[in-house]
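Q: Respectively, the protein sequence lines represent chains D and Y. Just so you know, the first sequence maps onto residues 4 to 417 in my numbering. Just so you know, the second sequence maps onto residues 140 to 403 in my numbering. Note that beta-carbon positions come from the ideal geometry of N, C-alpha and C, so glycine has one too. Just so we're clear, the structure is a prediction, and the values are computed from it rather than from any experiment.
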Amino acid sequence: MKSFLRLFRSIKLAIVLMILIATVAGIGTLIPQNNEQAFYISHYAGIGKLIIVFGLDHYSHSILFGILLSLFFLNVLVCALSRIVKTWPALFSKNISTSRFDHELPIDFALIKKELRKMGFKLRKSGDSVLATRGIISKLGPDIIHVGILMAIIGGMVVGLTTTQKTFFMQPGDVEQIGTLHIKLIDFKFLTYPNGQPKDWISVVQVSGKKTTYTKNITVNNPLNLGNGNLLYQSSYDKNWDIKLKFKGLNYEYEGPAATSIKYGGYTIYISEFIPDFRISGNNQVISVSDEPKNPAIYVEYQKDGKRVGRQWVFSKFDFPTDPKDFPIKASIEGFTSHLTTGLMLVHSEGDWLIFIALTLISIGVLATITKSYAKIIIKPHNNGTLVRVLFAKEKEEITKKITSLTVDRKTPK
Amino acid sequence: MNSAFFYSGAFFIYLLALIVELFSLLSKKSFFHKIGMYTLFIGFLFQTPGLILRGIEMNFIPITNVYEAVTFVAWIGAVVVFYMYKTHKIPASVGFISTAVLVGFYAVSSSPLVSPEIAPPVPILRSYWLVLHISFAFLGEVFFIVSFAAALAYLFSKTKEKRARMDDLTYKTILIGFPFFTLGALVFGAIWAKFAWGRFWSWDPKESWSLITWLFYAGYLHSRYVLKWKGKKSIILALVAFAAMIFTFFGVDFLGGLHSTEVR
Numbered sequence: 004m005k006s007f008l009r010l011f012r013s014i015k016l017a018i019v020l021m022i023l024i025a026t027v028a029g030i031g032t033l034i035p036q037n038n039e040q041a042f043y044i045s046h047y048a049g050i051g052k053l054i055i056v057f058g059l060d061h062y063s064h065s066i067l068f069g070i071l072l073s074l075f076f077l078n079v080l081v082c083a084l085s086r087i088v089k090t091w092p093a094l095f096s097k098n099i100s101t102s103r104f105d106h107e108l109p110i111d112f113a114l115i116k117k118e119l120r121k122m123g124f125k126l127r128k129s130g131d132s133v134l135a136t137r138g139i140i141s142k143l144g145p146d147i148i149h150v151g152i153l154m155a156i157i158g159g160m161v162v163g164l165t166t167t168q169k170t171f172f173m174q175p176g177d178v179e180q181i182g183t184l185h186i187k188l189i190d191f192k193f194l195t196y197p198n199g200q201p202k203d204w205i206s207v208v209q210v211s212g213k214k215t216t217y218t219k220n221i222t223v224n225n226p227l228n229l230g231n232g233n234l235l236y237q238s239s240y241d242k243n244w245d246i247k248l249k250f251k252g253l254n255y256e257y258e259g260p261a262a263t264s265i266k267y268g269g270y271t272i273y274i275s276e277f278i279p280d281f282r283i284s285g286n287n288q289v290i291s292v293s294d295e296p297k298n299p300a301i302y303v304e305y306q307k308d309g310k311r312v313g314r315q316w317v318f319s320k321f322d323f324p325t326d327p328k329d330f331p332i333k334a335s336i337e338g339f340t341s342h343l344t345t346g347l348m349l350v351h352s353e354g355d356w357l358i359f360i361a362l363t364l365i366s367i368g369v370l371a372t373i374t375k376s377y378a379k380i381i382i383k384p385h386n387n388g389t390l391v392r393v394l395f396a397k398e399k400e401e402i403t404k405k406i407t408s409l410t411v412d413r414k415t416p417k
Numbered sequence: 140m141n142s143a144f145f146y147s148g149a150f151f152i153y154l155l156a157l158i159v160e161l162f163s164l165l166s167k168k169s170f171f172h173k174i175g176m177y178t179l180f181i182g183f184l185f186q187t188p189g190l191i192l193r194g195i196e197m198n199f200i201p202i203t204n205v206y207e208a209v210t211f212v213a214w215i216g217a218v219v220v221f222y223m224y225k226t227h228k229i230p231a232s233v234g235f236i237s238t239a240v241l242v243g244f245y246a247v248s249s250s251p252l253v254s255p256e257i258a259p260p261v262p263i264l265r266s267y268w269l270v271l272h273i274s275f276a277f278l279g280e281v282f283f284i285v286s287f288a289a290a291l292a293y294l295f296s297k298t299k300e301k302r303a304r305m306d307d308l309t310y311k312t313i314l315i316g317f318p319f320f321t322l323g324a325l326v327f328g329a330i331w332a333k334f335a336w337g338r339f340w341s342w343d344p345k346e347s348w349s350l351i352t353w354l355f356y357a358g359y360l361h362s363r364y365v366l367k368w369k370g371k372k373s374i375i376l377a378l379v380a381f382a383a384m385i386f387t388f389f390g391v392d393f394l395g396g397l398h399s400t401e402v403r
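(1) Between residue 169/D and residue 179/D, what straight-line distance do the alpha-carbon atoms span, to the nearest angstrom?
(2) Going by Cα to Cα distance, which pick from 174/Y, 261/Y and 161/Y is closest to residue 194/D?
(3) Once the 5 residues before and after residue 327/D are set aside, which same chain residues still bring their CB inside 7 angstroms of it?
(4) Could you tell me the distance, in whole angstroms, from the CA atom of residue 277/D to the CA atom of residue 325/D?
(5) Beta carbons nearer than 9 angstroms to chain Y: which residues of the region 62-77 of chain D have them?
(6) Once the 5 residues before and after residue 341/D are set aside, which same chain residues still bring their CB inside 6 angstroms of it?
(7) Could you tell me whether the Cβ atoms of residue 173/D and residue 360/D are closer together than 8 angstroms?
(8) Kindly indicate which residue of 385/Y, 141/Y and 221/Y has the alpha-carbon position closest to the one of residue 280/Y.
(9) Report the rounded CA-to-CA distance for residue 316/D versus residue 264/Y, giving the unit in angstroms.
(10) Which word fits residue 60/D, buried or exposed, when buried means at least 16 other C-beta atoms lie within 10 angstroms of its C-beta?
(11) Which residue comes first and which comes last in the beta strand (DSSP E) that contains residue 342/Y?
(12) Residues of chain Y with CB under 9 angstroms from residue 102/D, in chain order?
(13) Can you find a C-beta in chain Y that's less than 8 angstroms from the C-beta of residue 8/D?
(14) Considering only C-alpha positions, which residue in the set 96/D, 214/D and 319/D is nearest to residue 280/D?
(15) Is the distance from the Cβ of residue 27/D to the Cβ of residue 84/D below 8 angstroms?
(16) Quick one: which chain Y residues come within Cβ less than 8 angstroms of residue 203/D?
(17) Does residue 312/Y come within less than 8 angstroms of chain D when only Cβ atoms are used?
(18) Select from the region 14-27 of chain D all residues with a C-beta closer than 8 angstroms to any C-beta belonging to chain Y, and list them in chain order.
(19) Where does residue 294/D sit, in a helix, a strand or coil, going by DSSP?
(20) What residue range is occupied by the uninterrupted beta strand (DSSP E) comprising residue 314/D?
(21) Taking only runs that begin and end inside the region 184-216 of chain Y, name each unbroken beta strand (DSSP E) of 3 or more residues, in chain order.
(22) In the DSSP output, which residue or residues are listed as bridge partners for residue 186/D?
(23) If I measure Cβ to Cβ from residue 197/D and keep anything under 8 angstroms in the same chain, skipping five residues before and after, which residues do I get?
(24) Do you know how far the Cα of residue 148/Y is from the Cα of residue 373/D?
(25) In chain order, what residues of the same chain have a beta carbon less than 6 angstroms from the beta carbon of residue 399/D, not counting five sequence neighbours either side?
(26) Rank 50/D, 202/D and 252/D by C-alpha distance to the C-alpha of residue 192/D and give the top, closest one.
(27) Looking at residue 72/D and residue 24/D, is the spacing between their C-beta atoms short of 8 angstroms?
(28) Can you give the Cα-Cα distance for residue 273/Y and residue 212/Y, rounded to whole angstroms?
(29) Quick one: does residue 114/D have its CB under 8 angstroms from some CB of chain Y?
(30) For residue 255/D, which option in 337/D, 200/D and 403/D has the closest C-alpha, if you only look at C-alpha atoms?
(31) Counting only beta-carbon atoms, is residue 166/D nearer than 8 angstroms to chain Y?
(32) Any C-beta of chain Y within less than 8 angstroms: which residues of the region 367-383 of chain D qualify?
(33) Could you list which residues in chain D have their beta carbon closer than 9 angstroms to that of residue 302/Y, in chain order?
(34) Identify the continuous beta strand (DSSP E) that holds residue 137/D and give its terminal residues.
(35) Is residue 357/D closer than 8 angstroms to residue 232/D when the C-beta atoms are compared?
(36) So the candidates are 350/Y, 370/Y and 342/Y; which of them puts its Cα closest to the Cα of residue 36/D?
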């Protein structure tokens, strides 16, 4: 047990672990994550196997990284406890040891007390001696940070193990069931700046539970807290298109959403996604360069008994031949309308509060470290002068010098 | 006069400060060092209305793209270097290197790859947690720039006293910068990520490299405070930490990730 504690109390181990964690994370960021094993073998040759063995293809969830973080956790835990055990008793001790003093100053005891108060010290009397302390908060700073880091690691594990995420798209009027709550989308607003750039997406939802019903806006960066660890985020949006297609030769008109298939006249007709702004990209892919219907197009394919018998790119603004050219059916776009759907993301996790506490502790800790540094001084009256002992102080020399110079300054007028 | 006028003018003033600092370094006259530092501060004052005007034009704090990020670092850096000059009497070598790094950052804004166009922020960037995240992280980083300058000056120092002073300055600037960096890059960053993406931490390359930078600086402080490292060993660690910081700032963009829509 002692050797275990000695090992994990070591600051050298902490530095080695920090370097190892940094190295694994650094290498991990340079390697594409979460691909198939074959990808690493083909792209990295011999190193590919090492990447897989060490789990660098998913480094943040790898066993190696988990071991390093666990060791780091133990290291911080033991270091923090050792530090607390070592420093806190002295920090809060009310006992004043007056067996030894460093300086005997020819200055009035009351005057030196006044000067120490001016320097920000708090004075506490014990017998005929006085204990002067300042900056206890600063001394506690590193301990608070260490506790915060430990909580962040625990919280991170809890959050990592319990987080689930689900995205769904809704149109106004749609209802989604989340636990016991009914979420109804009342409205979806897409706000833009004067130059047309997106400014915000706002989903107005009505939440109905067993006891209450309320309406709230969900915007980017402002999720809706549904309770029980559920948060609903405005994550994306989509533009859906309804189309009207006329099939000459079949004497048939289709009106409804794109990306569908229909059966009519012995044919199965596959209708592609609606492409509002058709363009052929550099690598011969069909793309839509904008959401605006500047060059609307749709692809239609005709099948009979599972085999393609004809196909056609249908453009709204110009005529395009069918394939084969003598195919008896020809489609034309007669109309189209768009409607927006909101993309909402439901995130469930259990340990958020742990992380919030951890981050609060780290913040308090780092702020504490930049306050006035810790110092502890004992003074005692002695033969019209004062005995002084500076017990703890980062600026021991500086404080001693200041008190000594005070002595000289005060003594001169006398 | 629009914001571009002040931004361009500030760049020339920073450049002038750099030339004066170089002159001070070569002539070894403290008078020029003083002029150089005050010129840097004038650059800061000159850039300030530009920053305000740009903010008014885009209706948000101008720290939402690369152009704004690098010029913001130079702006905040100019005042930090001047503050260090006034309080810690940083020598000409540190003044010159710090100014050179800040001018380097500013020069990135002139790169053809960086657009100076004023554009309002996309919805994900319209968050005051982001403002806290970026501004605190940058404040920490400019102290790290001064620490880098002091560490480099240490390596070129010939006397023991000067080396000891540079070692101490490296330590002090890291000691000041570290809390700001911790709050900005990690704490506020994690809170913003929770509100924006639903997760405190996603092991995105920028997040991972911020953590790496933090670990190196934390390692540096522990080695100083607990192991009592001083001198060359400590300086090398400070330089490695700074290299990680620069990679986090610029290099990580080539690795993609969630932060590709963010400021840098």
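A: This is what the structure holds:
(1) 12 angstroms
(2) 261/Y
(3) 313
(4) 18 angstroms
(5) 62, 63 and 64
(6) 242 and 244
(7) no
(8) 385/Y
(9) 40 angstroms
(10) buried
(11) Per DSSP, residue 342/Y belongs to no beta strand (DSSP E) and is neither H nor E.
(12) Near residue 102/D there are no residues of chain Y at all, since even the closest Cβ is about 28 angstroms away, more than 9 angstroms.
(13) no
(14) 319/D
(15) no
(16) 262 and 265
(17) no
(18) 14, 15, 17, 18, 21, 22, 24 and 25
(19) coil
(20) 310-318
(21) none
(22) 179/D and 210/D
(23) none
(24) 36 angstroms
(25) 393
(26) 202/D
(27) yes
(28) 10 angstroms
(29) no
(30) 337/D
(31) yes
(32) 369, 370, 372 and 373
(33) Neighbours of residue 302/Y on chain D: none; closest Cβ ~20 angstroms, over 9 angstroms.
(34) 132-137
(35) no
(36) 342/Y
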